[in-house]
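Same order as they appear, the protein sequences are chains A and B.
Using the working numbering, count along the first sequence one by one with no gaps and you end on 234.
Using the working numbering, count along the second sequence one by one with no gaps and you end on 234.
For glycine and all other residues, C-beta sits at the position ideal for the given N, C-alpha and C.
From a predicted model like this one, the values you see are computed outputs, not experimental measurements.
There are 2 protein chains.
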Amino acid sequence: MRIRNATDPDLAAVAALIGDPSRAAIMVALMDGRALPAGELARRAGISPQTASAHLDRLFRGNLLAVEVQGRHHYFRLHDERVARLVEAMAALAPSPLTRTPAQRDAARTLRFARTCYGHLAGAMGVALTGAFRARGYLDEDDGNFIVTAAGGGWFNDFGIDLDRLRQERRPLTRRCLDWSERRHHLAGALGAAVAMRCFDLRWIARVRESRAVRLTDRGRDALRRELDLAF
Amino acid sequence: MRIRNATDPDLAAVAALIGDPSRAAIMVALMDGRALPAGELARRAGISPQTASAHLDRLFRGNLLAVEVQGRHHYFRLHDERVARLVEAMAALAPSPLTRTPAQRDAARTLRFARTCYGHLAGAMGVALTGAFRARGYLDEDDGNFIVTAAGGGWFNDFGIDLDRLRQERRPLTRRCLDWSERRHHLAGALGAAVAMRCFDLRWIARVRESRAVRLTDRGRDALRRELDLAF
DNA sequence: GAATCATTTCGACGCGCGCCGAAATGATCT
DNA sequence: AGATCATTTCGGCGCGCGTCGAAATGATTC
């Protein structure tokens, strides 16, 4: 029989979860903090939706993934930052030719600070921006979603966003999005995407090539301090 | 077929290695940085020596373990600090009731600083002590082992160690021991154990209860600075 | 309400691998 | 040299699990 102290953590259970190639592919796909629907993860892992469903269920039960259900879609993301650290520690050891160059460390840091998540802004900057909207009463939170207040309507219109047009889009005006790197909800949906687009147009932010990372420009830094009292 | 970027590290291979209960037990047994012989690891994992041998070979080939052969014994240890970090990241996530309390973090730090490894001193302090002996010419290194110099003989005798008696023991007078927390060899063997024992007798160091960790006393701190120019 | 789509459940197949007994190798001790 | 011990190699057994097809469930769209 195996000798086990009560304090011995059950490493094998955690490791075995990631130890399957399909599940590992899923974890890698989620490494950047996005939440992806089950079907997309199946496609990325190269397995059928049924198989992916079983894997996702096991990863969820093992507390490696969190799930957010939106209608018929199930969005999965890394459960928390400890999981992200674990995946990174594995990547640091994995026999990949290109692991862990200094450039990649930089890339990870940049990605954590700000990135696009579908159309909207995520990372520290996305969370801070959303926080500022809430603090200034432009957004309210109700029933787990964001609501644009009257004051918010005025500000967003002044900012150059046509709210009425956004309301006619198929997707919801606002949506909450969550990622592990900040562990807080930030603004998504049509408005989230519109804010990001406007920030790009105003040259407050710029895309980092070959990446979903976003760089805050000098102009953007000044503007955010001036307009929203946000210091970066 | 599975979609894989060239940059996708092969997490599954690494994770699968730790994902087996027996191999996980081996990794846990080595978490404190010791090097243990294959048979001992088999016993701890609760498996036969043949089975352990196969597991150890796979862990070695996967660069998770390093091996040092001494006669008929094969001493295995964690390959490097990245592996240690990985094991710790897993332990932080494993569904063990007692993982990662602040007290345990302290314990790990203490263990890293100084501990007994069989009879001798390991950890940062063990390495520093050995370094001081080498720097002052008390020990020489030849053919991968330590040799007590003439000057060393004088100093160790003054220190209260009967070298002639030690030479009559069955185990070698000196032996090199290696651990991941410092990645450098330190003095083991009969002399290593005698030095540790003498330090205990002189109350330079004291055992931490319920642990192999060792605490440097105030008296020890003063003495090491005075006798060996070592500052901690 | 019917059609479509995302996801899950069920069932069955097949293979990989963890396991040990037996035996070989190589080192140490008497 | 012979005995003992640590470890490895080989061979074969058995089961756990990753896989997918078929079908169910539930949400969305027309």
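Uninterrupted alpha helix (DSSP H) stretches inside the region 34-118 of chain B (no shorter than 4 residues): Segments of the alpha helix (DSSP H) lying fully in the region 34-118 of chain B: 40-47, 51-63, 83-95, 104-115.
Closer than 8 Å to chain B by CB, D22(A): yes
Do the region 81-95 of chain B and the region 86-93 of chain A touch if we need at least three Cβ pairs shorter than 8 Å? yes
For a contact meaning CB atoms closer than 8 Å, what does I34(A) contact in chain B? According to the sequence provided, residue 34(A) is Asp. The question's Ile does not apply to it. Correct list: empty, because the minimum Cβ distance to chain B is about 12 Å.
Is R63(B) near the ligand SAH, in the sense that its beta carbon is under 7 Å from a heavy atom of that ligand? No copy of the ligand SAH appears in this structure; indeed no ligand is present at all.
To which residues of the same chain is D203(A) closer than 6 Å at the C-beta, ignoring the five residues directly before and after it? none
With a threshold of 8 Å between beta-carbons, can D160(A) be considered close to chain B, or not? no
Should the region 36-52 of chain A be called in touch with the region 73-85 of chain A, which here means at least 3 C-beta pairs below 8 Å? yes
Should I207(B) go down as buried or exposed, given a rule of 16 or more other Cβ atoms within 10 Å for buried? buried
Close Cβ partners of L38(A) (< 7 Å) along its chain, the five nearest in sequence each way excluded: A31, L32, Y77, F78
Using a Cβ-Cβ distance cut-off of 8 Å, determine whether V69(B) contacts chain A. no
D142(B) in three-state terms, based on DSSP: strand
Using a 10 Å radius around the Cβ and a threshold of 16 neighbouring Cβ atoms, would you call D22(B) buried or exposed? Buried, because 16 or more other Cβ atoms sit within 10 Å of the Cβ of D22(B).
Residue from R227(B), L193(B), D34(B), V16(B) with nearest C-alpha to L113(B): D34(B)
Alpha carbon to alpha carbon, how far is G121(B) from G189(A)? Give it in angstroms, no decimals. The residue you asked about is not Gly; residue 189(A) is Leu in the sequence shown. If I take the Cα positions, the gap works out to 60 Å.
Any idea what DSSP makes of V216(A), helix, strand or coil? strand
Pull the bridge partners of I149(B) from the DSSP assignment, please. D142(B)
Buried versus exposed, by CB contacts within 10 Å (16 or more), D12(B): buried
Since I believe R223(A) is in contact with F234(A) (beta carbons under 8 Å), could you give me their beta-carbon distance rounded to a whole number of angstroms? 6 Å
Since I believe A47(A) is in contact with A27(A) (beta carbons under 8 Å), could you give me their beta-carbon distance rounded to a whole number of angstroms? 4 Å
For A233(B), name the three-state secondary structure that DSSP assigns. coil
Mind checking I149(A): buried by the 16 CB within 10 Å criterion, or exposed? exposed
CB of I49(B) within 8 Å of CB of A17(A), strictly: I49(B) is not a Cβ neighbour of A17(A), given a cutoff of 8 Å.
Identify which residue in G139(A), L175(A), A134(A), A15(A) has its Cα closest to the Cα of A192(A). L175(A)
Nearest-angstrom beta carbon gap, R228(A) and T219(A) [assumed within contact, 8 Å]: Between R228(A) and T219(A) the Cβ distance is about 14 Å, and since that is not below 8 Å, they are no contact.
Under a three-way DSSP split, which group does I207(A) fall into? strand
From the DSSP secondary-structure annotation, give me the bridge partner or partners of C179(B). Checking the DSSP bridge columns, you'll see C179(B) partnered with H188(B).
Measure the alpha-carbon distance for L123(B) versus L66(A) and round it to whole angstroms. Approximately 39 Å, taken between the alpha carbons.
List, in order along the chain, the chain A residues whose C-beta lies closer than 8 Å to that of V85(B)? L95
Is L32(B) helix, strand or coil by DSSP? coil
Using the C-alpha atoms, what's the distance from R217(B) back to R211(B)? 10 Å
If distances are taken between C-alpha atoms only, which option among R209(B), S213(B), C201(B) comes closest to A225(B)? C201(B)
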